[in-house]
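Worksheet: one structure, shown below.
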Amino acid sequence: MNTFGVAVHARWSRLRSWLRSISSRTRLEDDMEEELRFHLEARTADLIAEGLSPREAARQARIEFGGIATHKDNVRRSLGLRWWDDLRADLVYATRILRKSPGFTLIAVSSLALAIGANTTIFSVANELLYERLGVPHPEQLRLFMLTGDKKNVIHSSWGMFGRTPDGLTIADSFSYPVYQQLRRNNKALQQIFAFKDLERANVTINGNAQAAQVELVSGNFYQQMDVRPALGRAILPSDDGTPSTGAVAIISDGLSVRAFGRSSDAVGKVITVNMSPVTIIGVNAPGFTGAKSVQVSPDIFMPLSMIPLLHAESSRDGPILTSTRLWWVNLIARAKPGISDEQARGSLEVALTAAIRNTMSPKAGETMPRLELDDGSRGLNFVGKQFAKPLRVLMVLVGFVLLLACANVANLMLARTYTRQREMSVRLALGAARSRILRQVLAEGLLLSVIGGTLGLIFGYLGRTALPKLVFNAWENVGLNVPFNWKVFCFTAAITLFTGILRRSARLGRHAGGDQYRTQRGGQRNLHASSQGHQRTRHHRLSGRSVHSSRRRSGSLHPHPYQSQLHRSRLPCRSPSALRHQSAVKTLSCPAGCRSPRQYRRGSAFRSRSRERYSLGRRTDLERAIHREHTYRRCNLVA
Amino acid sequence: MPKQADLMQGTLDMLILKAVSLGRLHGYGVLLRIQQISGEQLVIQQGSLYPALFRLEHDGALRSEWGESENNRRAKYYTLTAQGRRMLTQETEKWNRMAGIIGDILDLTEVQS
Numbered sequence: 003m004n005t006f007g008v009a010v011h012a013r014w015s016r017l018r019s020w021l022r023s024i025s026s027r028t029r030l031e032d033d034m035e036e037e038l039r040f041h042l043e044a045r046t047a048d049l050i051a052e053g054l055s056p057r058e059a060a061r062q063a064r065i066e067f068g069g070i071a072t073h074k075d076n077v078r079r080s081l082g083l084r085w086w087d088d089l090r091a092d093l094v095y096a097t098r099i100l101r102k103s104p105g106f107t108l109i110a111v112s113s114l115a116l117a118i119g120a121n122t123t124i125f126s127v128a129n130e131l132l133y134e135r136l137g138v139p140h141p142e143q144l145r146l147f148m149l150t151g152d153k154k155n156v157i158h159s160s161w162g163m164f165g166r167t168p169d170g171l172t173i174a175d176s177f178s179y180p181v182y183q184q185l186r187r188n189n190k191a192l193q194q195i196f197a198f199k200d201l202e203r204a205n206v207t208i209n210g211n212a213q214a215a216q217v218e219l220v221s222g223n224f225y226q227q228m229d230v231r232p233a234l235g236r237a238i239l240p241s242d243d244g245t246p247s248t249g250a251v252a253i254i255s256d257g258l259s260v261r262a263f264g265r266s267s268d269a270v271g272k273v274i275t276v277n278m279s280p281v282t283i284i285g286v287n288a289p290g291f292t293g294a295k296s297v298q299v300s301p302d303i304f305m306p307l308s309m310i311p312l313l314h315a316e317s318s319r320d321g322p323i324l325t326s327t328r329l330w331w332v333n334l335i336a337r338a339k340p341g342i343s344d345e346q347a348r349g350s351l352e353v354a355l356t357a358a359i360r361n362t363m364s365p366k367a368g369e370t371m372p373r374l375e376l377d378d379g380s381r382g383l384n385f386v387g388k389q390f391a392k393p394l395r396v397l398m399v400l401v402g403f404v405l406l407l408a409c410a411n412v413a414n415l416m417l418a419r420t421y422t423r424q425r426e427m428s429v430r431l432a433l434g435a436a437r438s439r440i441l442r443q444v445l446a447e448g449l450l451l452s453v454i455g456g457t458l459g460l461i462f463g464y465l466g467r468t469a470l471p472k473l474v475f476n477a478w479e480n481v482g483l484n485v486p487f488n489w490k491v492f493c494f495t496a497a498i499t500l501f502t503g504i505l506r507r508s509a510r511l512g513r514h515a516g517g518d519q520y521r522t523q524r525g526g527q528r529n530l531h532a533s534s535q536g537h538q539r540t541r542h543h544r545l546s547g548r549s550v551h552s553s554r555r556r557s558g559s560l561h562p563h564p565y566q567s568q569l570h571r572s573r574l575p576c577r578s579p580s581a582l583r584h585q586s587a588v589k590t591l592s593c594p595a596g597c598r599s600p601r602q603y604r605r606g607s608a609f610r611s612r613s614r615e616r617y618s619l620g621r622r623t624d625l626e627r628a629i630h631r632e633h634t635y636r637r638c639n640l641v642a
Numbered sequence: 003m004p005k006q007a008d009l010m011q012g013t014l015d016m017l018i019l020k021a022v023s024l025g026r027l028h029g030y031g032v033l034l035r036i037q038q039i040s041g042e043q044l045v046i047q048q049g050s051l052y053p054a055l056f057r058l059e060h061d062g063a064l065r066s067e068w069g070e071s072e073n074n075r076r077a078k079y080y081t082l083t084a085q086g087r088r089m090l091t092q093e094t095e096k097w098n099r100m101a102g103i104i105g106d107i108l109d110l111t112e113v114q115s
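Line by line, the protein sequences give chains V and C. For the first sequence, our numbering begins at 3 and goes up steadily by one. For the second sequence, our numbering begins at 3 and goes up steadily by one.
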């Protein structure tokens, strides 16, 4: 095996070993303990054999071995456990801190959760309605045919959607069948034009049960041009779409196949009746395919357009629907041809359209020809989307503001915390903690907060996207809007909130902590100066009073210090501001060691230097050295 | 200074691998064997042996199992794995090459001066 092979092998076994250490940590610690004990005992035995007394031998063995705790730490480090232990300790500490201030935690977490939840919901719905595309290959190629015309438009009778453009023209989406046939014949600018029409509702009988269903009638080339094939059975072919009232075949949607047949493949070949006409099921669509009407919901039944005379009552004025030149009703759509611009295609097709209108209708004097528009067809007819586009955009801006507000809210909370916790940070620094270590601790806290807020936000968002469409529609309506949970949207909102709100603030807190500790201390004293201004004291009194007070505040979460009162009584001369600083820092420092007397302080100091060694917290800072000096000095004073 | 520390660490690993390659050993045994082979000339800080042993096991060069020691105590025994043997060969080659190069350089300097 070459060097590379060895390296890969080593990496693999490192990973395995790491996972083993993590999963059976207690056993690892016990084994390590026992292994080191065995070493010491074996060495002691050897030393006794060399003639030392048992007591002396044990001592000698321990000295030769060196610091057991340090070696154990090195073992843990060599197993790659150090960062894991640190992370765990950080998280445990963070949990404690957050539990200690439930108000802060509650507000921060709920702002995060609501912001993330609300935004995920609204953005998911908006994304679904405004941007989602049909489940067919290359939906971006699809072009929907639209017509705009003025008041003197040649078209008088239409069945379909129409509205007004901002400049007062009517816009409609329907064509007459003869015009469609001529356009399709004369089209050279786009790929084959195909047609569809959605019937609002049809009565369907399946296995003797009657129900209402939505039907989409499609031209024979619809499946071929959409480039989709049914999951079961065959597609509707041009041969099915023949002479009027023939082609009694249907493809059912995945939804209907589940509701009526339990998704059984027996559905293919079954005969159902649609508006009293018997129709044979020839296929079942794949779940993602929704036809050409909308992206969100699929019609239940797809049938050839040639069947329309049987499904739709003929009006006496317009004549048979498939040959009527008066009634404009069918929707047209086509894929763009590569290399031909939309404007070129539009121009060429408009010429064909005008010719077709002149061929099929006899325009009266003064009537105008409609103008052809090629609209984006990637979202199908997209009636709902077009209807809700404006309100949804407004809503999106609104929740965008909510997001901003939540970010600001959380950021403010964190900022306030930064100031209240500066004292804690300076104590930690004074104890010798490295700057990066504090930063990591603070980040862990932010991370914990983020995870809680994010999880709640995820739950809100998930529930919201199911609840929202149900709130908009009536209970008896088939909810036409199915919003899938959008992970991308969730990740986006979560990332934005968490990053701006928490992590940046945490970094700031960490940076503050890493900054000038003297300034921090002085800042604490300035505050106190303001609070004690009302008291008329001598300078000496005020100084010592201030320092005691400030150290008590600075201790924060730590215990109030019994040693302080003694110090206060002792009326130590406060010779200079720097001496004062040291004095107050000393008292703060004494707390974690829990010292009540000079002897206990000595113990505490030994504890600190031990822990500094143990956690390799780096060199003593100048402040610490000064504290030490000051303390020794005062201890002598007190003892004397 | 870090360069030198690295070198020392590398050497300790190599010595441990060599010691264990001669037969199954517990941690204290590794220490004794290294001292014995070196003719008591090498002083190894005893505690620092264990981080190195654990690291080598972590890397897959050693395998460990609990067994009975000479005086019937439970002790952790280390054996060399195939991976460890490859590592030892590689390290030995590297060491010899390095020693050769440095030796040559030092010889050259003496001749010129």
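C-beta: ideal position from N, C-alpha, C; glycine also.
Between residue i and chain V, is there a C-beta pair that is closer than 8 Å?
| i | result |
| --- | --- |
| C/Asp8 | Because C/Asp8 sits at a pLDDT of 37, beneath the cut-off of 50, its placement in the model cannot be relied upon, and the point is left open. |
| C/Arg87 | no |
| C/Ala21 | no |
| C/Arg26 | no |
| C/Leu92 | The residue asked about is misnamed: residue 92 of chain C is Gln in this sequence, not Leu. It does; some Cβ of chain V falls within 8 Å. |
State yes or no: is the beta carbon of residue i nearer than 8 Å to at least one beta carbon in chain C?
| i | result |
| --- | --- |
| V/Gly53 | no |
| V/Glu58 | no |
| V/Val8 | yes |
| V/Leu394 | no |
| V/His73 | yes |
| V/Ile70 | yes |
| V/Tyr617 | Because V/Tyr617 carries a pLDDT of 48, less than 50, the predicted location of this residue cannot be relied on, and the following value inherits that uncertainty. With 8 Å as the cut-off, V/Tyr617 does not count as an interface residue toward chain C. |
| V/Glu37 | yes |
| V/His11 | yes |
| V/Asp88 | no |
| V/Phe40 | yes |
| V/Asp32 | no |
| V/Gly620 | Its pLDDT being 47, under 50, V/Gly620 is placed unreliably by the model, and the measurement read from it follows with that caveat. Output row for V/Gly620: interface = no. |
| V/Ser300 | no |
For the beta strand (DSSP E) that contains residue i, what are its first and last residues?
| i | result |
| --- | --- |
| V/Ile284 | Ser279 to Val286 |
| V/Asp33 | Unbroken run through V/Asp33 is the alpha helix (DSSP H), Arg27 to Ala51; no beta strand (DSSP E). |
| C/Trp68 | Leu64 to Glu70 |
| V/Phe198 | Phe196 to Ile208 |
| V/Gly321 | No beta strand (DSSP E) holds V/Gly321; DSSP gives it neither H nor E. |
| V/Asp377 | Arg373 to Asp378 |
Whose Cβ in chain C lies nearer than 9 Å to the Cβ of residue i?
| i | result |
| --- | --- |
| V/Arg27 | Per Cβ cutoff of 9 Å: no residues; V/Arg27 is ~14 Å from chain C at best. |
| V/Arg45 | Tyr30, Leu33 and Gln48 |
| V/Arg287 | In the sequence on display, residue 287 of chain V carries Asn and not Arg. Under the 9 Å cutoff, chain C gives no residues; its nearest Cβ is about 54 Å from V/Asn287. |
Got a sec, what are the start and stop residues for the alpha helix (DSSP H) residue i sits in?
| i | result |
| --- | --- |
| V/Leu431 | Gln424 to Ala432 |
| V/Thr362 | Asp344 to Thr362 |
| V/Asp88 | Arg84 to Lys102 |
| V/Met163 | No alpha helix (DSSP H) holds V/Met163; DSSP gives it neither H nor E. |
| V/Asn1 | Because chain V in this structure spans residues 3 to 642, residue 1 of chain V falls outside the shown range and cannot be described. |
| C/Gln37 | Gly29 to Ile39 |
| V/Gln227 | Phe224 to Met228 |
Would you mind telling me which residues of chain V sit closer than 7 Å to residue i, beta carbon to beta carbon, in chain order?
| i | result |
| --- | --- |
| C/Tyr80 | Here the premise fails: no neighbours, minimum Cβ distance about 10 Å. |
| C/Arg57 | Ser80 |
Closer than 8 Å by beta-carbon distance: list the chain C residues that pair up with residue i, in chain order.
| i | result |
| --- | --- |
| V/Ser15 | His60, Asp61, Gly62 and Gln85 |
| V/Glu66 | Gln48 |
Assuming residue i and residue j form a contact by the criterion Cβ under 8 Å, report the distance between their Cβ atoms to the nearest whole angstrom.
| i | j | result |
| --- | --- | --- |
| V/Gln443 | V/Tyr133 | Contact doesn't hold; Cβ gap of about 42 Å is too wide. |
| C/Leu51 | C/Leu64 | No, C/Leu51 and C/Leu64 are not in contact; Cβ-Cβ is about 12 Å, not under 8 Å. |
| V/Leu116 | V/Phe462 | 7 Å |
Please compile the residues from chain V whose C-beta is within a distance smaller than 8 Å of the C-beta of residue i.
| i | result |
| --- | --- |
| C/Ala101 | Simply none; closest approach about 19 Å. |
Q: Evaluate the contact criterion for the segment 121 to 139 of chain V versus the segment 222 to 230 of chain V: three or more CB pairs, one atom per stretch, below 8 Å.
A: Yes, the segment 121 to 139 of chain V touches the segment 222 to 230 of chain V.
Q | Sufficient close CB pairs (3 or more, under 8 Å) joining the segment 163 to 183 of chain V to the segment 326 to 335 of chain V | A | Judged by Cβ distances under 8 Å, the segment 163 to 183 of chain V makes contact with the segment 326 to 335 of chain V, as three or more pairs qualify.
Q | the segment 212 to 227 of chain V in contact with the segment 294 to 309 of chain V per 3-pair CB rule at 8 Å | A | Below 8 Å, enough C-beta pairs join the segment 212 to 227 of chain V and the segment 294 to 309 of chain V to call them touching: three or more.
Q) Between the segment 75 to 83 of chain V and the segment 10 to 22 of chain V, do at least 3 Cβ pairs fall closer than 8 Å? A) Contact holds: three or more Cβ-Cβ distances are below 8 Å.
Q | Cβ contact check for the segment 269 to 285 of chain V and the segment 113 to 127 of chain V: 3 or more pairs under 8 Å | A | With a cut-off of 8 Å, the segment 113 to 127 of chain V and the segment 269 to 285 of chain V do not count as touching, because too few Cβ pairs lie within range.
Q.
Does the structure place the segment 343 to 352 of chain V close enough to the segment 181 to 194 of chain V that three or more beta carbon pairs sit under 8 Å?
A. Contact holds between the segment 181 to 194 of chain V and the segment 343 to 352 of chain V, because three or more Cβ pairs, one in each stretch, are under 8 Å apart.
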